[in-house]
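Chemist: Let me begin by handing over the structure; questions about it come next.
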Amino acid sequence: MSMETTQKRTLTREDIVRLSERIEGAQTRAYAIPKLTDEFPDMTHGDGYAVQTELRKRFIAQGHRHVGWKAGLTSKAKMQQMGVNVPSIGFLTDRMARPENAAITTGDLVHPRVECEVAFVTKADLAGPNCTKEDVLDATDYVLPAVEIIDSRFSGFEFDLPSVIADNGSSARYVGGGRARDPRELDLRTLGVVMEKNGEMVAMGASAAVLGHPAEAVAMLVNILAELGETLPAGSFVMSGGITEAVAVKPGDNVIARFQELGSVSMRFVE
Amino acid sequence: MNEETIRKFGDELYAAWLERKTVAPLTERDPRITLETAYRIALRTIDRRVQAGETIVGKKIGVTSKPVQDFLGVFQPDFGQLTSGMVHEDGATIDLGTLIQAKAEAELAFVLKEDLAGPGITAMDVIRATDYVAPCFEIVDSRITDWKIRIQDTVADNASCGVYVLGRTKGDPRKLDITLAGMVLEKNGELFSTGVGAAVQGSPANAVAWLANTLGELGIPFKAGEVILSGSQSALVPVTGGDELVCHVGGLGCCSIKFSGRSAA
Numbered sequence: 032m033s034m035e036t037t038q039k040r041t042l043t044r045e046d047i048v049r050l051s052e053r054i055e056g057a058q059t060r061a062y063a064i065p066k067l068t069d070e071f072p073d074m075t076h077g078d079g080y081a082v083q084t085e086l087r088k089r090f091i092a093q094g095h096r097h098v099g100w101k102a103g104l105t106s107k108a109k110m111q112q113m114g115v116n117v118p119s120i121g122f123l124t125d126r127m128a129r130p131e132n133a134a135i136t137t138g139d140l141v142h143p144r145v146e147c148e149v150a151f152v153t154k155a156d157l158a159g160p161n162c163t164k165e166d167v168l169d170a171t172d173y174v175l176p177a178v179e180i181i182d183s184r185f186s187g188f189e190f191d192l193p194s195v196i197a198d199n200g201s202s203a204r205y206v207g208g209g210r211a212r213d214p215r216e217l218d219l220r221t222l223g224v225v226m227e228k229n230g231e232m233v234a235m236g237a238s239a240a241v242l243g244h245p246a247e248a249v250a251m252l253v254n255i256l257a258e259l260g261e262t263l264p265a266g267s268f269v270m271s272g273g274i275t276e277a278v279a280v281k282p283g284d285n286v287i288a289r290f291q292e293l294g295s296v297s298m299r300f301v302e
Numbered sequence: 062m063n064e065e066t067i068r069k070f071g072d073e074l075y076a077a078w079l080e081r082k083t084v085a086p087l088t089e090r091d092p093r094i095t096l097e098t099a100y101r102i103a104l105r106t107i108d109r110r111v112q113a114g115e116t117i118v119g120k121k122i123g124v125t126s127k128p129v130q131d132f133l134g135v136f137q138p139d140f141g142q143l144t145s146g147m148v149h150e151d152g153a154t155i156d157l158g159t160l161i162q163a164k165a166e167a168e169l170a171f172v173l174k175e176d177l178a179g180p181g182i183t184a185m186d187v188i189r190a191t192d193y194v195a196p197c198f199e200i201v202d203s204r205i206t207d208w209k210i211r212i213q214d215t216v217a218d219n220a221s222c223g224v225y226v227l228g229r230t231k232g233d234p235r236k237l238d239i240t241l242a243g244m245v246l247e248k249n250g251e252l253f254s255t256g257v258g259a260a261v262q263g264s265p266a267n268a269v270a271w272l273a274n275t276l277g278e279l280g281i282p283f284k285a286g287e288v289i290l291s292g293s294q295s296a297l298v299p300v301t302g303g304d305e306l307v308c309h310v311g312g313l314g315c316c317s318i319k320f321s322g323r324s325a326a
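Sequence lines, in order, name chains U and Y.
Sequential numbering from 32 applies to the first sequence in the numbering used here.
Sequential numbering from 62 applies to the second sequence in the numbering used here.
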């Protein structure tokens with residue numbers, strides 16, 4: 032993680048506001064837009080985070096509660112797919128949360144896909160730089176299984192990292208559930224996970240797929256926050272990144288994610 | 062297919078194993094070979110190994126994952142027999158020169174404390190009859206040129222079994238979620254792949270139940286004390302001399318293996 036990647040900026044204040052409005056429109060009214068780098072080919076990761084921060088401020092001003100963060104692109108396979116060597120982060124709000132066993136509408140999403148993740152709830156503040164896996168485990172209240180519903184708002188699945196960061200790391204919805212556990216009682220590296228769609232196993236893996244250990248991804252997230260001048264306050268909800276590949280869903284699909292030691296999380300998708 | 066042809070192919074595969082040479086796919090030379098004939102050819106090769114002084118110590122189950130079944134165009138697993146000459150210690154270094162074209166797979170092994178006589182065996186019987194489970198590596202190898210196998214070729218070739226290593230950790234299947242236990246495989250200290258027990262027939266216990274029932278139909282004994290390699294939970298790992306593999310099974314433990322030398326093919 033170099034400071035350069037997030038500190039270097041090319042966009043003007045006006046561009047940042049305009050792009051955050053464009054992303055907000057695409058997210059709230061569920062339509063696809065061309066990737067932002069079509070208009071701003073020199074856009075950096077730092078520009079992406081500037082747009083994301085502006086988007087977060089707009090949502091908070093509208094009364095959304097900022098509850099935590101998500102790490103994305105945390106597996107080798109996904110980084111290679113995107114041609115990057117750093118994970119990305121996005122913010123999470125109460126409006127994105129759906130209860131366990133919910134009927135989740137897809138009419139307000141563009142290309143919804145689901146992935147299994149280990150989520151953390153913190154009980155102490157965490158700040159980078161130099162935040163480690165051990166710091167994260169010490170600050171963790173509990174871990175729980177979660178499913179993230181990601182949704183890229185970019186048309187034709189054409190995107191790059193600055194655009195994805197501006198689009199809040201494709202965050203859309205999330206469902207936490209299962210069993211809350213103390214991470215000190217578990218080996219968080221070797222938890223097996225199976226995702227079933229309509230009774231068929233569609234994705235499988237173990238938690239080491241996330242940067243070798245999910246707490247490692249949370250430490251990286253805290254260190255990226257430090258570059259952005261932010262910290263992770265106690266009580267935050269953090270999703271550590273997809274263990275399994277993202278699987279497309281449509282109305283009528285039932286999804287259940289089964290986790291070793293953490294129970295399961297289920298949901299169904301409707302129009 | 063007559064006994065003489067079965068014996069001929071069985072002896073040919075036994076000689077290939079002994080001399081570390083490959084043979085052309087059997088199915089290219091005789092398209093009439095059925096799955097049943099293929100199992101009888103495999104029994105002949107195992108008979109030859111037993112006659113030469115080895116004992117049968119267990120079974121291996123192969124073709125247990127959907128991607129491999131799709132690749133071979135079959136809808137059920139296959140099996141081979143484990144002999145005393147295939148056993149290596151946890152942490153052992155395998156000389157690739159003793160094999161032909163080896164690859165590694167990380168699995169969960171079962172050791173039985175009671176006989177399992179199929180047909181009629183369910184996954185519940187498997188857990189009841191299991192003494193313990195352990196992480197393991199199976200080193201698969203093919204006596205068929207360039208792994209150009211159809212299902213009958215691999216079955217006849219003792220399910221492409223090479224050698225195996227059982228981890229030292231013993232787990233009680235009553236205290237471990239064998240279906241959801243994660244499988245983390247590292248090659249030379251780096252993450253290679255992750256998987257989970259469910260990748261094997263929904264649960265490794267289902268694969269063992271299938272084996273008990275299949276052996277029952279074929280009249281092959283399945284005895285207390287036998288080791289069963291239940292099917293790969295990882296991608297097939299290419300290996301060369303100097304490589305070290307470690308697999309970790311969530312809630313259970315790990316198993317490691319090293320390689321030296323160079324494959325014969």
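From the three backbone atoms N, C-alpha and C, an ideal C-beta is built for every residue, glycine too.
These numbers come from a predicted model, not from an experiment.
Quick one: which residues of the segment 219 to 244 of chain Y get their C-beta closer than 7 Å to a C-beta of chain U? List them in chain order.
Modeler: Listed in sequence order: Asp238, Leu241, Ala242, Gly243, Met244.
Chemist: What runs of the beta strand (DSSP E), each 3 residues or longer, lie entirely inside the segment 35 to 117 of chain U?
Modeler: 97 to 103
Chemist: Going by DSSP in three states, Pro282/U sits in which element: helix, strand or coil?
Modeler: On the first sequence, position 251 is the one that residue 282/U refers to. It is coil, neither helix nor strand.
Chemist: When you compare only the Cα positions, how much space is there between Val187/Y and Ala266/Y?
Modeler: Along the second sequence, one-based indexing puts residue 187/Y at 126. Along the second sequence, one-based indexing puts residue 266/Y at 205. Answer to the nearest angstrom: the Cα atoms are 6 Å apart.
Chemist: Assuming Leu293/U and Pro176/U form a contact by the criterion Cβ under 8 Å, report the distance between their Cβ atoms to the nearest whole angstrom.
Modeler: What you label residue 293/U is simply residue 262 of the first sequence in a count that begins at 1. What you label residue 176/U is simply residue 145 of the first sequence in a count that begins at 1. Leu293/U to Pro176/U, Cβ: 4 Å. Contact.
Chemist: Between which two residues does the beta strand (DSSP E) holding Lys164/Y run?
Modeler: Locating residue 164/Y in the second sequence gives position 103, counting from the first residue. Here the beta strand (DSSP E) through Lys164/Y covers 164 to 173.
Chemist: DSSP state of Gln130/Y, grouped into three classes?
Modeler: Residue numbering aside, residue 130/Y sits at position 69 when the second sequence is read from its first letter. Reduced to three states, the DSSP call for Gln130/Y is helix.
Chemist: Please say whether Gly273/U and Ser106/U have beta carbons closer to each other than 8 Å?
Modeler: One-based indexing of the first sequence puts residue 106/U at position 75. One-based indexing of the first sequence puts residue 273/U at position 242. It is a contact, given that the beta carbons lie within the stated cut-off.
Chemist: Taking CB distances under 8 Å as the criterion, tell me whether Ala248/U reaches chain C.
Modeler: This model lacks chain C altogether; the protein chains it does include are U and Y.
Chemist: To the nearest angstrom, report how far apart Val286/U and Arg144/U are at their CA atoms.
Modeler: The sequence position of residue 286/U within the first sequence is 255, counting from 1. The sequence position of residue 144/U within the first sequence is 113, counting from 1. The straight-line gap separating the alpha-carbon atoms of Val286/U and Arg144/U is approximately 11 Å.
Chemist: Sort out for me which residues DSSP pairs Thr171/U with in a bridge.
Modeler: Working through the first sequence from its first residue, we reach residue 171/U at position 140. Answer is Thr153/U, bridged to Thr171/U.
Chemist: Compare the C-alpha of Trp208/Y against each of Lys174/Y, Pro196/Y, Ile161/Y, Gly314/Y and name the closest.
Modeler: Within the second sequence, residue 208/Y is the residue found at index 147, counting from 1. Trp208/Y has its Cα closest to that of Ile161/Y, out of Lys174/Y, Pro196/Y, Ile161/Y, Gly314/Y.
Chemist: Can you have a look at Met185/Y and say buried or exposed, based on whether 16 or more other CB atoms are within 10 angstroms of its CB?
Modeler: Start at 1 with the first residue of the second sequence, and residue 185/Y comes out as number 124. Result: exposed.
Chemist: Could you give the distance in angstroms between the alpha-carbon of Glu55/U and the alpha-carbon of Leu86/U?
Modeler: One-based indexing of the first sequence puts residue 55/U at position 24. One-based indexing of the first sequence puts residue 86/U at position 55. Taking the straight line from one Cα to the other gives about 7 Å.
Chemist: Three or more C-beta pairs under 8 Å: does that hold for the segment 226 to 235 of chain U against the segment 107 to 118 of chain U?
Modeler: no
Chemist: What's the gap between the Cα of Ala288/U and the Cα of Arg110/Y?
Modeler: Taking the first sequence and counting its residues from 1, one reaches residue 288/U at position 257. Taking the second sequence and counting its residues from 1, one reaches residue 110/Y at position 49. Approximately 46 Å between the Cα atoms of the pair.
Chemist: Given this structure, state the Cα-to-Cα distance separating Lys281/U from Thr137/U, to the nearest angstrom.
Modeler: Position 250 of the first sequence, counting from 1, holds the residue named residue 281/U. Position 106 of the first sequence, counting from 1, holds the residue named residue 137/U. C-alpha separation (whole angstroms): 7 Å.
Chemist: Excluding five sequence neighbours on each side, which residues of the same chain lie with their C-beta closer than 8 Å to the C-beta of Gly243/U?
Modeler: Here the question's residue 243/U lines up with position 212 in the first sequence. Excluding positions up to five away in sequence, the list reads Arg220.
Chemist: Does DSSP put Leu140/U in a helix, a strand or coil?
Modeler: Here residue 140/U refers to the residue found at position 109 of the first sequence. In this structure, Leu140/U counts as coil in the three-state DSSP scheme.
Chemist: Checking 8 Å against the spacing of the C-beta atoms, do Val216/Y and Tyr100/Y come in under that value?
Modeler: One-based indexing of the second sequence puts residue 216/Y at position 155. One-based indexing of the second sequence puts residue 100/Y at position 39. Against a cut-off of 8 Å, the Cβ pair of Tyr100/Y and Val216/Y comes out as a contact.
Chemist: With distance defined between alpha-carbon atoms, name the residue in Ile47/U, Ala63/U, Gly266/U, Gly94/U nearest to Gly187/U.
Modeler: Taking the first sequence and counting its residues from 1, the one referred to as residue 187/U is at position 156. Among Ile47/U, Ala63/U, Gly266/U, Gly94/U, the Cα nearest to that of Gly187/U is on Ala63/U.
Chemist: When you check each C-beta in the segment 294 to 323 of chain Y against every C-beta of chain U, which residues fall closer than 8 Å?
Modeler: His309, Val310, Gly311, Gly312
Chemist: Which parts of the segment 199 to 282 of chain U are runs of the beta strand (DSSP E), unbroken and 3 residues or longer, counting only runs that do not cross its ends?
Modeler: 202 to 207, 223 to 228, 231 to 237, 268 to 270
Chemist: Assuming the contact rule is C-beta atoms closer than 8 Å, Val118/Y and Glu287/Y should be a hit. Round their C-beta distance to whole Å, please.
Modeler: Taking the second sequence and counting its residues from 1, one reaches residue 118/Y at position 57. Taking the second sequence and counting its residues from 1, one reaches residue 287/Y at position 226. So it is a contact: roughly 7 Å between Cβ atoms.
Chemist: Considering only DSSP beta bridges, list what Thr191/Y is partnered with.
Modeler: As a first step, residue 191/Y must be located in the second sequence, where it is residue number 130. Partner(s): Leu173/Y.
Chemist: Compare the beta carbon distance of Ser271/U and Val296/U with 8 Å and say whether it is the shorter of the two.
Modeler: Translated into the one-based positions of the first sequence, residue 271/U becomes position 240. Translated into the one-based positions of the first sequence, residue 296/U becomes position 265. Using a Cβ distance threshold of 8 Å, Ser271/U and Val296/U do not count as a contacting pair.
Chemist: Can you tell which of Ile289/Y, Phe253/Y, Ser293/Y has the C-alpha that lies nearest to the C-alpha of Ala259/Y?
Modeler: Residue mapping note: residue 259/Y aligns to position 198 of the second sequence, counting from 1. The shortest Cα separation from Ala259/Y among Ile289/Y, Phe253/Y, Ser293/Y belongs to Ser293/Y.
Chemist: Just the chain U side, please: which residues come within less than 8 Å of Gly258/Y by C-beta, in chain order?
Modeler: Translated into the one-based positions of the second sequence, residue 258/Y becomes position 197. Within chain U, the residues near Gly258/Y are Gly223.
Chemist: Since Arg109/Y is in the alpha helix (DSSP H), which residue starts that stretch and which ends it?
Modeler: Here residue 109/Y corresponds to residue number 48 of the second sequence, with the count starting at 1. Its alpha helix (DSSP H) spans residues 96 to 112.
Chemist: Just to make sure I have the definition right: I need the residues of chain Y whose C-beta is within less than 9 Å of the C-beta of Asp218/U. Which are they?
Modeler: Against the first sequence, residue 218/U aligns to sequence position 187. Within chain Y, the residues near Asp218/U are Gly243, His309, Gly311, Gly312.
Chemist: Give a yes or no on whether the minimum CB-CB distance between Thr275/Y and chain U is below 8 Å.
Modeler: Taking the first residue of the second sequence as position 1, residue 275/Y is located at position 214. It does not: the Cβ of Thr275/Y has no partner Cβ on chain U nearer than 8 Å.
Chemist: Below 8 Å, can you find three or more Cβ-Cβ pairs linking the segment 160 to 174 of chain U to the segment 182 to 197 of chain U?
Modeler: no
Chemist: Step through the CB atoms of chain Y and report whether any lies within less than 8 Å of the CB of Phe290/U.
Modeler: As a working mapping, residue 290/U is identified with position 259 in the first sequence. True, the Cβ-Cβ gap to chain Y drops below 8 Å.
Chemist: Note the first and the last residue of the continuous beta strand (DSSP E) segment covering Phe70/Y.
Modeler: Sequence index remark: in the second sequence, residue 70/Y carries index 9 (1-based). No beta strand (DSSP E) contains Phe70/Y, which is instead part of the alpha helix (DSSP H) from 64 to 80.
Chemist: How is Thr144/Y classed by DSSP in three states: helix, strand or coil?
Modeler: Start at 1 with the first residue of the second sequence, and residue 144/Y comes out as number 83. It is a strand residue.
Chemist: Is it right to say Ser33/U is buried, meaning 16 or more other beta carbons lie within 10 angstroms of its own, or is it exposed?
Modeler: What you label residue 33/U is simply residue 2 of the first sequence in a count that begins at 1. Note that Ser33/U has pLDDT 43, beneath the 50 cutoff, so the model's placement of it is unreliable and the number below is only indicative. Ser33/U should be labelled exposed.
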